[in-house]
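Anchor point for the sequence shown: position 61 equals 593 in my numbering, and the numbering is continuous, going up by one each time.
In this text, a Cβ means the ideal position worked out from N, Cα and C, and glycines have one as well.
Notes for the one structure printed next.
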Amino acid sequence: MKKYRMKTVILILLSTISVLWGTETLTYQETKGSTVGKYAKPGAPVDITYTSQNVSAGAVSEVNIVLSTAAKNGTMKVKLNSDKGLSFAKEYSQTLQYDLNEKQHEYPLQLLMSADSDGVYYIKLLVNIEGEGTRAFAVPVYIGEGRVKKTKGKAVSKSALGENISVSKAVESTE
């Protein structure tokens, strides 16, 4: 019992010393998601699986996307788009095209993304399979804390009953 307590005390002391000396423990964070096995509205028979690195503002995030389909023939067209403020760190074609076949069911896509300010941004994919339909996906990319910095809004006026009132300038037009 004493040996167990002694090991615990030593572990706590070492942890405290490393914090005091400024030693940092780096943690790797990433966002993962998938639509495989989940309900989907009618549309193209496509599922998505993705991982996205959470990085600080100005750094490059590696986003790995895999599109899976049971379709065995035809063409799958993928249109890429990103939110304002999120940019492609490498030049990519905005429209990708894959020829589907019986042997291949997964189509990987690796993107490098960056943004100059913190927030949650989205890469939008519009996937169309000839004769099967269309499906839209959004892949989140977390930059910094993943929170959008709020700008200070105008003061809210209150009514006599304590309800919030939105005050706007009147616009008059004559026709």
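Kindly indicate which three-state DSSP category residue i falls into: helix, strand or coil?
i	result
Ala647	strand
Gly575	coil
Leu545	No answer about Leu545 holds up, because its pLDDT of 47 lies below 50 and its placement is not dependable.
Asn613	strand
Asn605	coil
Val699	coil
Ser691	coil
Tyr624	coil
Ser632	For clarity, residue 632 is Leu in the given sequence; the question names Ser instead. It is coil, neither helix nor strand.
Thr559	Residue placement at Thr559 cannot be trusted, given a pLDDT of 39 that sits under 50; what the coordinates show is reported in the next sentence. Of the three classes helix, strand and coil, the one that applies to Thr559 here is coil, per DSSP.
Ser705	coil
Gly569	coil
Gly619	Inspection of the sequence shows that residue 619 is occupied by Ser rather than by Gly. Residue state, collapsed to three classes: strand.
Ala591	coil
Gly665	strand
Glu710	What is shown of the chain runs 533 to 707, which leaves residue 710 out entirely.
Asn586	coil
Between residue i and the rest of its own chain, which residues show a CB-CB distance below 6 Å, the 5 nearest in sequence each way excluded?
i	result
Lys609	Gln629 and Asn660
Glu662	Gly606 and Thr607
Glu704	none
Leu693	none
Tyr582	Gly565, Ile597 and Val671
Lys611	Thr627 and Leu658
Whose C-alpha, out of the options, is nearest the C-alpha of residue i?
i	options	result
Gly617	Ala602, Val652, Lys573 and Glu562	Val652
Glu638	Leu599, Ala702 and Tyr582	Leu599
Ser588	Gly665, Lys570, Tyr571 and Glu562	Glu562
Pro644	Ala576, Ser705, Glu664 and Ser584	The sequence given here places Leu at residue 644; Pro does not occur at that position. That would be Ser584, whose Cα lies nearest to the Cα of Leu644.
Arg667	Thr601, Thr706 and Leu641	Thr601
Gly590	Ser619, Glu695 and Gly575	Ser619
Which residues in the same chain have their Cβ closer than 7 Å to the Cβ of residue i, if we skip the five residues on either side of it in sequence?
i	result
Thr567	Asp579 and Ile580
Ala621	Val592, Leu644, Met645 and Ser646
Gly575	Gly665, Thr666 and Arg667
Check this for me: beta carbons of residue i and residue j, under 8 Å apart or not?
i	j	result
Ser614	Ile655	yes
Ser646	Val592	yes
Gln642	Asn596	yes
Glu677	Pro577	no
Within the same chain, show all residues whose beta-carbon is closer than 8 Å to that of residue i, passing over the 5 residues directly before and after it, in chain order.
i	result
Ala670	Tyr654, Ile655, Lys656 and Leu657
Using a Cβ-Cβ cut-off of 8 Å, state whether residue i counts as contacting chain C.
i	result
Thr601	In the displayed structure, chain C is absent; only one protein chain is listed.
> Any chance the region 594-613 sits against the region 630-644, with 3 or more Cβ pairs inside 8 Å?
Replying inline: yes
>> For the structure I just gave you, are there three or more beta carbon pairs, one from the region 640-658 and one from the region 687-702, closer than 8 Å?
In response: no
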